[in-house]
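Numbering (the numbering used here), first residue to last: 138 to 406. Glycine included, every Cβ here is placed at the ideal spot set by N, Cα and C. Just so it is clear, the structure is predicted and the values come from calculations on it, not from any experiment.
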């Protein structure tokens, strides 16, 4: 018997924070296609420009999903002019459900994400490097009756310099690194919550030999005009605590994703 029967795990995983959705094995149907836009409205207060990434994900077969995101920005007109343009592009592909015997709500995926800056955006929008990020990720229902899902992943971040100036953020490692992620997420009737722990280390794959530790609790509140609507809004509220070579950080974050489901017309086997 499938312990996750009656639980729409595909919709649940899609509604998790972006960092998890990109890597975790999904349970969406073959032929599913989702488009989204993620305007950064906080930029209206903190920056001279507004970032508006938009992209999509498509399930080409029962096992293959690909994604693409174009990162755009433009002057919002409230403060100084910053121009407009393309900041970067992000591409990803993952092969899901490599162990069919686990498809009772659990899953394993292997994939990669490739990200590169485009043109010459404001310095704060890029670290000046291309990133190739291979990974292995897994999910498993911990307590299906509670709609509680566990997840973990292991991956690498391999950097390549570009002609642009290097610009790293606080507690961002400056070389190749490995990352280890583990966490749990639960679905409630009106929101989803997750707690994710991450360890990132450059010890084994570069000369930097540094570690960064992070803990991130987040809440996602989905909203639809009616249950059958193909457009939904996902509001995310989060906090983070980070320990790294540049000291201890505490922070809060919020974001909104507008998502359009174009196709979901074939059930997974």
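Report the rounded CA-to-CA distance for residue i versus residue j, giving the unit in angstroms.
i	j	result
residue 258	residue 147	35 Å
residue 319	residue 338	15 Å
residue 254	residue 267	7 Å
residue 376	residue 289	20 Å
residue 186	residue 179	10 Å
residue 189	residue 393	11 Å
residue 138	residue 279	For residue 138, the predicted model reports a pLDDT of 44, less than 50, meaning its position is unreliable and no value from the coordinates is stated.
residue 295	residue 335	17 Å
residue 152	residue 285	14 Å
residue 191	residue 149	21 Å
residue 387	residue 378	5 Å
residue 199	residue 384	44 Å
residue 165	residue 194	11 Å
residue 211	residue 181	11 Å
residue 162	residue 183	35 Å
residue 167	residue 395	22 Å
residue 172	residue 382	37 Å
residue 298	residue 311	11 Å
residue 349	residue 308	7 Å
residue 301	residue 222	16 Å
residue 234	residue 201	9 Å
residue 371	residue 256	30 Å
residue 220	residue 226	18 Å
residue 359	residue 275	24 Å
Taking DSSP as the reference, what is the three-state secondary structure of residue i?
i	result
residue 307	coil
residue 158	helix
residue 183	helix
residue 294	strand
residue 281	helix
residue 149	helix
residue 172	strand
residue 255	coil
residue 228	strand
residue 332	strand
residue 261	helix
residue 244	strand
residue 211	strand
residue 327	coil
residue 199	coil
residue 164	coil
residue 300	coil
residue 235	coil
residue 222	strand
residue 177	coil
residue 320	strand
Pick from the options: whose alpha carbon is nearest that of residue i?
i	options	result
residue 159	176, 247 and 188	247
residue 205	144, 170, 312 and 317	170
residue 303	261, 344 and 372	261
residue 324	349, 355, 347 and 231	355
residue 263	224, 278, 394 and 283	224
residue 357	365, 293, 327 and 351	327
residue 175	270, 208 and 226	208
residue 345	399, 313 and 201	313
residue 273	265, 287 and 245	245
residue 156	331, 365, 305 and 380	331
residue 177	213, 197, 347 and 145	213
residue 154	353, 398 and 364	353
residue 232	220, 203, 221 and 282	203
residue 306	220, 265 and 281	265
residue 428	397, 226 and 220	Given that the chain is displayed from residue 138 to residue 406, the structure contains no residue 428 and the question cannot be resolved.
Tell me whether the beta-carbon of residue i lies closer than 8 Å to the beta-carbon of residue j.
i	j	result
residue 277	residue 321	no
residue 409	residue 391	Nothing about residue 409 can be reported from this structure: the residues present for the chain run from 138 to 406 only.
residue 315	residue 342	yes
residue 251	residue 291	no
residue 249	residue 229	yes
residue 380	residue 281	no
Is the CB of residue i under 8 Å away from at least one CB in chain C?
i	result
residue 321	The displayed structure is made up of one protein chain only, and chain C is not part of it.
Could you name each continuous alpha helix (DSSP H) segment of 4 residues or more that falls completely within the stretch 336-400, going from the start of the chain to the end?
none
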